[in-house]
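In what follows, a single structure is set out as structure tokens and then discussed.
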Amino acid sequence: MASMSEPKIWETFLRRPSDLQEGVEIPLALRDLNPGRKKYQIRHVVAIVSRKADRLPGMDRLQVRTTVGVLLPEPWHIKIVRDLPIEVPGQPYRDFFESLRTAANANID
Amino acid sequence: MFNDTREFIEALRLSGDLLQIDEEVSWDLELGAISRLACEKDGPALLFRRITDYIEDVSVFVNPMATWRRVATAFGLSPSSSIKEIYREYEKREGRLIPPVTVNQGPCKEVVQLGSKVDLFDLPAPMLHEGDGGRYLGTWDLVVSCDLETQWVNWGMYRFMIYDSTHLTGFPRPTSHLGKVFKDYYEPRGKPMPIAIVIGADPLSHFAASATYQLGGDEASFAGGLRGAPVELVRCETSDLLVPAHSEIVIEGEVLPDRVGLEGPYGEYPGYRTGEMGNGILFRALAITHRQNPIFTVDATGYKDDSSTITAMSGALAIKRRLERHGVPVIDVYMPPEGAVHMVVIAVEFGGKEIARKILNTLTSRRALISKILMVDGDVELFDMGQVLHAFSTKCHPAHGVHVVHYENRANTLTPCYSQAERAAQSGATMLFDCTWPGEWSREWEVPVKATFDTIFGESVRRKVLDRWRSYGFNE
């Protein structure tokens, strides 16, 4: 049986490499890679990410895919700070990532 | 004519066009990989009976009409019918409309889940390709929506990605009928748009939903005409929309006018996973109704998927009708399956620069899904791509025979050769290759004589050779 403290595996899709900034809180859409019926469920979060595991205690593993779905070879590490709503305010057919950033900032205010 | 997916499956089983897989198969990539390879090999439709995590609940039926044999079967023709015969049969039926009838109850209501009972993860939506944005349903669906301004009810085939237990994201292109009604009516008013995602209706209803059909057209009556019998419709639980009563699964809900989610990327019908991502719509599910032990339907999208037959054929005939209306001397139109609904061959009585421009303008004025057009003379057998390639190679002048039109806000955002920036701006181009002889060339003095048996020998020589063919020693 898996331990409660066992790290989870998440995956995210990025438009460009610079969208992952280390050490600062950033909004992300994560999908859950843990097996079962609900695998690939999406979650919107504000998180801190790091290339090195030892920088973030209690972190999970983060896989990164590009805009065409290519998996980057180096995994990242992630600590989820807080959740954002699954229904993100924004305009359909416009940039989701911009709406997610706005939602994250509004959440701080 | 088939009333539901189950009858169609049994017909395919009888004709040898179905493989039932009783071994347990995972919805997570394994099912997608099997289905993709089967599609690329022109293999049979697949019925998966045991899906990991869903063993007792549901079956999955994949690639319903990805070969011409299965399209012919859906139309009630012999499976061995030629592509040309299927085109002609569709052409006969396409103008015939038989309105649907409304019934009070139907098999799709055998199980009704509302409110907190709704869980989209109860459906075995497969992860079809490694690296897709998520698990997709709606690859073989029929989405019902209504333009409240005109009361026009639209059926379309649109993909949706499972987001969480009650949300889907989707990418009906902004130029699609659903996208246009949403953007023109619901979004400006801040109103959620009710839709019903129907999975596993009868095959020709799905054909009608995926077909290129005119804006404002009634696909339910169109489906009835194709079937030769009305489609029975039943009212949704949470809206006034009507759905085919014999469907396997119906997901009811609404597209939100002011909320968004991440959609894509996804390996689509052009045969690529392009970079469209995060520019779609968000759907909130309100109800799921289904038959007992429902059959979940899937198109394993990619190279030579179901669109290569049915979308291509309906698109070709729709193009023929539009060109006729715009005064183009069109003889026939064919969209080869390998062209991924991006290339069309148009035979004309006569070509030239003016006709080329007219074709380009007609086919790119509202939305431009086709990016390559070959215009050929009437003596080319369109359904023989060898002949088409020969005409293109020999008759298209490399300097004067190529015509290009550029456009903004209406390009096909799934066209792989467009850059991310072009895709975001929906900007693109369509080129036409004029493979006809110039009209000003004299037939007697200038037009080259085609060096084939039928064209370069006189009647008497041909007759003599054909009469003596076997005596020369040929078997056929």
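Protein sequence lines correspond, in order, to chains H and Z. Going by this note's numbering, the letters in the first sequence line up with residues 246 to 354, in that order. Going by this note's numbering, the letters in the second sequence line up with residues 8 to 483, in that order. Every residue gets a Cβ at the ideal spot worked out from N, C-alpha and C, and that includes glycine. Values in this document were obtained by computation on a predicted structure and should not be read as measured data.
- In this structure the stretch 292–312 of chain Z touches the stretch 269–283 of chain Z; the number of beta carbon pairs closer than 8 Å is three or more.
- Comparing alpha carbon positions, the residue from Ser228/Z, Val409/Z, Ala79/Z closest to Ile362/Z is Val409/Z.
- Scanning His136/Z, Trp147/Z, Asp225/Z for the CA closest to the CA of Trp159/Z turns up Asp225/Z.
- With respect to chain Z, the C-beta atom of Gly281/H has a partner C-beta closer than 8 Å.
- Under the three-state reduction of DSSP, Leu301/H is assigned to coil, being neither helix nor strand.
- At a cut-off of 8 Å between C-beta atoms, Ile288/Z counts as an interface residue with respect to chain H.
- With respect to chain Z, the C-beta atom of Arg327/H has no partner C-beta closer than 8 Å.
- With a threshold of 16 other beta carbon atoms within 10 Å, Thr401/Z falls short and is exposed.
- For Ser152/Z, the three-state secondary structure derived from DSSP is strand.
- As summarised for the stretch 313–401 of chain Z, the continuous alpha helix (DSSP H) elements at least 4 residues long and confined to that stretch are 317–332, 360–371, given in chain order.
- Across the structure, Pro133/Z and Lys297/H are spaced so that their CA atoms are roughly 33 Å apart.
- Residues of the stretch 115–146 of chain Z that bring their beta carbon within less than 7 Å of a beta carbon in chain H comprise Phe128, Met134, Gly138, Asp139, Gly140, Gly141, Arg142, in sequence order.
- Our two residues, Trp162/Z and Glu255/Z, have alpha carbons roughly 17 Å apart in a direct line.
- Less than 8 Å divides the Cβ of Arg280/Z from the Cβ of Gly138/Z.
- Among the CB atoms of chain H, none fall inside 8 Å of the CB of Tyr220/Z.
- Taking 8 Å as the cut-off, the Cβ atoms of Cys115/Z and Val238/Z do not count as close.
- By the Cβ test, the stretch 323–334 of chain Z is not in contact with the stretch 285–305 of chain Z, since fewer than three Cβ pairs between them sit closer than 8 Å.
- The Cβ atoms of Asp209/Z and Val188/Z lie no closer than 8 Å to each other.
- By the 16-neighbour rule on beta-carbons within 10 angstroms, Ser246/Z is buried.
- Identification of chain Z residues near Arg310/H by a Cβ-Cβ cut-off of 7 Å yields Gly138, ordered along the chain.
- For Val291/H and Ile58/Z, the gap between their C-alpha atoms comes out near 35 Å.
- Short of 6 Å from the beta carbon of Ala294/Z, and not among the five residues preceding or following it, lie these beta carbons of its own chain, in chain order: Leu121, Glu244, Thr245, Glu259.
- When C-alpha distances from Ala432/Z are compared across Pro423/Z, Cys424/Z, Arg417/Z, the shortest belongs to Arg417/Z.
- By the rule that beta-carbons nearer than 8 Å mark a contact, Asp247/Z does not touch chain H.
- Taking CB atoms only, Leu263/Z has a neighbour in chain H less than 8 Å away.
- Close to Tyr170/Z, with beta-carbon spacing below 8 Å, are these residues of chain H in chain order: Gln286, Ile287, Ile331.
- In the pairwise beta carbon analysis, the stretch 195–207 of chain Z is classified as not touching the stretch 225–235 of chain Z: fewer than three pairs are separated by under 8 Å.
- Pairing Thr318/Z with Pro344/Z gives a Cβ-Cβ distance that is not under 8 Å.
- If the five residues before and after Leu222/Z are omitted, its C-beta is found closer than 7 Å to the C-beta atoms of His184, all from its own chain and listed in chain order.
- A contact between stretches requires three or more CB pairs, one per stretch, nearer than 8 Å, and the stretch 327–347 of chain Z meets this requirement with the stretch 362–381 of chain Z.
- When 8 Å is used as the limit between beta carbons, Ser263/H is near no residue of chain Z, the shortest such separation being about 15 Å.
- Using a CB distance cut-off of 8 Å, Arg266/Z counts as an interface residue toward chain H.
- When DSSP assignments are scanned along the stretch 223–293 of chain Z, the uninterrupted stretches of beta strand (DSSP E) that are 3 or more residues long and fall wholly within it turn out to be 239–242, 249–251, 256–262.
- Interface flag for Ser295/H against chain Z is unset, since no Cβ pair is found closer than 8 Å.
- Under DSSP, the beta-bridge partners assigned to Asn161/Z are Ser152/Z.
- Proximity to His397/Z across Val411/Z, Leu381/Z, Ser467/Z peaks at Leu381/Z, based on C-alpha coordinates.
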